Amino acid sequence: MDELYQKYLIKKYLDGTATPAERDELLLWYRAKGEEDFEWPYENQLEEDEAKARIFDGLQQRIKAAKAAEPTTRNYFYKIAAAASVILAVCIGLLWNNNSKPVKPQSNTVVTKPGERKIINLVDGSVIWLGSGSSVTYPVAFVGTTREISFEGEAFFDIAKDKHHPFIVHTGTTSTRVLGTTFNISSFKSHKEIVVALVTGKVSFTDGGSGVLLSPANMVVYNKLKKTTKVLPIPDLAAVMGRRNGYYEYRNVLVKDIAEDVSRNFNMKIQVVGDVKNTLFFGRIKPGESPVQFLKKMALVVHASLISKDNLWIIKGGGGI
1 MDELYQKYLI KKYLDGTATP AERDELLLWY RAKGEEDFEW PYENQLEEDE
51 AKARIFDGLQ QRIKAAKAAE PTTRNYFYKI AAAASVILAV CIGLLWNNNS
101 KPVKPQSNTV VTKPGERKII NLVDGSVIWL GSGSSVTYPV AFVGTTREIS
151 FEGEAFFDIA KDKHHPFIVH TGTTSTRVLG TTFNISSFKS HKEIVVALVT
201 GKVSFTDGGS GVLLSPANMV VYNKLKKTTK VLPIPDLAAV MGRRNGYYEY
251 RNVLVKDIAE DVSRNFNMKI QVVGDVKNTL FFGRIKPGES PVQFLKKMAL
301 VVHASLISKD NLWIIKGGGG I
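Under my numbering, the residue at position 151 of the sequence shown is numbered 151, and the numbers go up by one with no gaps.
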């Protein structure tokens with residue numbers, strides 16, 4: 001019996017249009033099927049479970065009818081009862097197999113463009129402030145004993161507390177595991193380091209081998225090339241919180257890294273030329289300040305020139321102070 005015909009018989013049996021011969025054929029198929037898996041013709045588990053329950057009810061009714069019949073039909077009743085017990089065991093086996101198999105829930109992927117930020121509310125109450133040029137993939141509903149998502153880029157996470165279902169953020173070969181906390185992750189493919197900065201709560205960070213437990217006001221810096229992990233104090237906790245709202249502060253950061261960050265978060269084309277790229281800078285983009293004003297200020301401090309050419313901003317100079 002091919003799959004399409006199986007589904008055809010099941011639907012006819014459930015809507016009451018199956019002939020006696022078709023009903024018998026379906027029951028025989030179940031007996032022969034055993035506990036093998038079968039794809040039911042339903043889109044979700046609820047409809048499938050309801051269909052199985054209706055089949056069970058139908059079998060019970062046939063058994064009751066056989067019991068109420070004359071003694072001459074007793075042998076027939078025993079045959080039906082025996083067949084029904086086999087079918088019931090098979091259906092229970094199918095139901096158990098379907099329910100025991102891990103079901104991969106549907107997932108959503110959110111991607112932000114340069115200069116774009118989004119706030120994502122997860123079904124468990126957690127909130128993600130997704131930064132520019134980033135992406136996150138998460139299930140529409142969490143199932144199982146953990147809450148797991150995949151992430152690349154930069155984001156601030158406010159995770160709803162659930163001690164029975166840890167929240168895990170996968171960043172390539174590394175992962176950050178939490179119960180309920182707030183933290184920031186920076187994990188770009190183009191960067192050699194992954195940085196997890198913890199604001200509240202506790203998180204554990206692992207690269208698949210060794211791991212570290214992080215306390216509030218500290219950050220873990222993981223070098224993807226050397227596979228080394230460092231735990232350092234966060235220089236400015238307020239700056240970490242500010243980034244989720246679009247406020248950017250830099251404390252002794254290389255000019256080339258600042259240019260990349262500003263380029264991504266404000267959708268600008270910026271090029272750094274000369275030794276100035278390796279000069280450290282201390283400053284911030286104030287609320288309401290345009291990124292161009294910030295670049296002019298930075299160029300002045302590091303003794304460089306800011307040149308505009310065909311929508312490209314060039315920071316050029318030796319970087320001497």
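Each residue gets a CB set at the ideal place from its N, CA and C atoms; glycine is no exception. Here the structure is a predicted model, which is why all the values come from computation and not from measurement.
Since V203 sits in a beta bridge, which residues does DSSP pair it with?
-> Translated into the one-based positions of the sequence shown, residue 203 becomes position 203. According to DSSP, which records beta bridges pairwise, V203 is partnered with V178, L214.
Which value, in whole angstroms, describes the spacing of the CA atoms of E148 and I234?
-> Taking the first residue of the sequence shown as 1, we reach residue 148 at position 148. Taking the first residue of the sequence shown as 1, we reach residue 234 at position 234. Computed Cα separation, rounded: 26 Å.
Same chain only: Cβ atoms within 7 Å of V240, ignoring 5 sequence neighbours per side = For the purposes of this step, residue 240 is identified with residue 240 of the sequence shown, where counting begins at 1. Within the same chain, V240 has close Cβ partners N184, A197, V199, I234.
Can you tell me whether E289 is buried or exposed, with buried defined as 16 or more other CB within 10 angstroms of its CB?
-> As a working note, residue 289 is residue 289 in the sequence shown. Exposed, by the Cβ-count rule.
Look at the alpha carbon of N223 and the alpha carbon of V231, and state the distance between them as a whole number of angstroms.
-> Translated into positions along the sequence shown, residue 223 becomes position 223. Translated into positions along the sequence shown, residue 231 becomes position 231. In a straight line, the C-alpha of N223 is about 12 Å away from that of V231.
Count the C-beta pairs between the region 293-302 and the region 262-281 that are closer than 8 Å, then say yes if the count reaches three, no if not.
-> yes
Element boundaries [beta strand (DSSP E), containing V140] | Numbered from its first residue, the sequence shown carries residue 140 at position 140. Neither: V140 is in no beta strand (DSSP E) and is coded neither H nor E.
7 Å Cβ shell around Y138 - same chain, five flanking residues per side excluded = Within the sequence shown, numbered from 1, the residue matching residue 138 stands at position 138. Closer than 7 Å at the Cβ level, and outside the excluded window around Y138, lie S107, N108, L122, I149.
From the DSSP output, in three-state form, read off S190 for me.
-> For the purposes of this step, residue 190 is taken as the residue at position 190 of the sequence shown. Of the three classes helix, strand and coil, the one that applies to S190 here is coil, per DSSP.
Using a Cβ-Cβ distance under 8 Å, would T200 count as near chain D?
-> You won't find chain D in this structure, because it holds only one protein chain.
Measure the CB-CB distance between F156 and R243 and report whether it falls below 8 Å.
-> The residue you call residue 156 lines up with position 156 of the sequence shown. The residue you call residue 243 lines up with position 243 of the sequence shown. A contact, by the Cβ cut-off of 8 Å.
C-beta atoms of H165 and T181 nearer than 8 Å = Walking along the sequence shown from the start, residue 165 turns up at place 165. Walking along the sequence shown from the start, residue 181 turns up at place 181. No, the Cβ-Cβ distance between H165 and T181 is not below 8 Å.
May I ask you to report which of helix, strand or coil DSSP gives I307?
-> Here the question's residue 307 lines up with position 307 in the sequence shown. Three-state result, I307: strand.
When the distance is taken between beta carbons, is K256 closer than 8 Å to K277?
-> Position 277 of the sequence shown holds residue 277. Position 256 of the sequence shown holds residue 256. Yes, Cβ-Cβ distance for K277 and K256 is below 8 Å.
R23 versus F188: straight-line alpha-carbon distance, rounded | Your numbering for residue 23 matches position 23 in the sequence shown. Your numbering for residue 188 matches position 188 in the sequence shown. If you take the alpha carbons of R23 and F188, they lie about 60 Å apart.
Distance, I128 Cα to K113 Cα | Your numbering for residue 113 matches position 113 in the sequence shown. Your numbering for residue 128 matches position 128 in the sequence shown. About 16 Å.
Beta-carbon separation (whole angstroms), W313 vs I258, contact threshold 8 Å | Working through the sequence shown from its first residue, we reach residue 313 at position 313. Working through the sequence shown from its first residue, we reach residue 258 at position 258. Their Cβ separation, rounded to whole angstroms, is 12 Å, which puts W313 and I258 out of contact at 8 Å.
Kindly give me the distance between the Cβ atoms of I120 and V110, rounded to whole angstroms, as I take these residues to be in contact under 8 Å.
-> Here the question's residue 120 lines up with position 120 in the sequence shown. Here the question's residue 110 lines up with position 110 in the sequence shown. Contact holds; Cβ gap of about 6 Å.
CB-CB under 6 Å to T176, same chain, minus the five flanking residues each way: which ones, in chain order?
-> Looking up residue 176 in the sequence shown gives position 176. Correct list, in chain order: V169, V196, V203, F205.
Report all residues from its chain with a CB closer than 8 Å to the CB of G274; omit the five preceding and five following residues, and keep chain order.
-> Working through the sequence shown from its first residue, we reach residue 274 at position 274. So the qualifying residues of the chain are A304, K316, G317, G318, G319.
If we count the other Cβ atoms within 10 Å of its Cβ and call it buried at 16 or more, is I307 buried or exposed?
-> In the sequence shown, residue 307 corresponds to position 307, counting from 1. I307 should be labelled exposed.
Output the boundary residues of the beta strand (DSSP E) element that contains L122.
-> Translated into positions along the sequence shown, residue 122 becomes position 122. Run containing L122: none; DSSP gives neither H nor E here.
Tell whether a beta-carbon distance below 8 Å holds between Y248 and N265.
-> To locate residue 248, count along the sequence shown from 1; it is residue 248. To locate residue 265, count along the sequence shown from 1; it is residue 265. Yes; because the gap between Cβ atoms is below 8 Å, this pair is in contact.
Beta-ladder partner(s) of H164, from DSSP | As a first step, residue 164 is located in the sequence shown; it is residue number 164 there, counting from the start. Answer is none; H164 lacks a bridge partner.
Kindly identify the DSSP beta-bridge partner or partners of N223.
-> Your numbering for residue 223 matches position 223 in the sequence shown. Beta-bridge pairing links N223 to E193, T228.
Neighbourhood of G211 by C-beta, 7 Å cutoff - its chain only, sequence neighbours within 5 removed | Position 211 of the sequence shown, counting from 1, holds the residue named residue 211. If we look at G211 and ignore the five residues flanking it on each side, its Cβ neighbours are S204, F205.
Do D207 and A160 have their C-beta atoms within less than 8 Å of each other?
-> Taking the first residue of the sequence shown as position 1, residue 207 is located at position 207. Taking the first residue of the sequence shown as position 1, residue 160 is located at position 160. Their beta carbons are not under 8 Å apart, which means D207 does not touch A160 by this criterion.
Proximity to N311 [Cα-Cα], best of V253, I285, S263 | The residue given as residue 311 occupies position 311 in the sequence shown. The shortest Cα separation from N311 among V253, I285, S263 belongs to S263.
Could you check what DSSP says for G274 in three-state terms: helix, strand or coil?
-> For the purposes of this step, residue 274 is taken as residue 274 along the sequence shown, with counting starting at 1. G274 falls in the coil class under three-state DSSP.
Would DSSP call G288 helix, strand or coil?
-> Stepping through the sequence shown from its first residue, residue 288 is reached at position 288. DSSP places G288 in coil when its eight states are reduced to three.
To the nearest angstrom, how far is it from the Cα of S215 to the Cα of G133?
-> For the purposes of this step, residue 215 is taken as residue 215 along the sequence shown, with counting starting at 1. For the purposes of this step, residue 133 is taken as residue 133 along the sequence shown, with counting starting at 1. Their backbone Cα atoms lie some 28 Å apart in a straight line.
Less than 8 Å between the CB atoms is what I'm expecting for D236 and R251, so what's the real figure, rounded?
-> Counting from one through the sequence shown, the residue named residue 236 turns up at place 236. Counting from one through the sequence shown, the residue named residue 251 turns up at place 251. Yes, they are in contact, since the Cβ atoms of D236 and R251 sit about 6 Å apart, within 8 Å.
Who are the near neighbours of P105 in its chain, counting only those whose CB is closer than 7 Å to its CB and skipping five residues on each side?
-> For the purposes of this step, residue 105 is taken as the residue at position 105 of the sequence shown. Excluding residues within five positions, the ones whose Cβ falls inside 7 Å are P139, V140, A141, V143.
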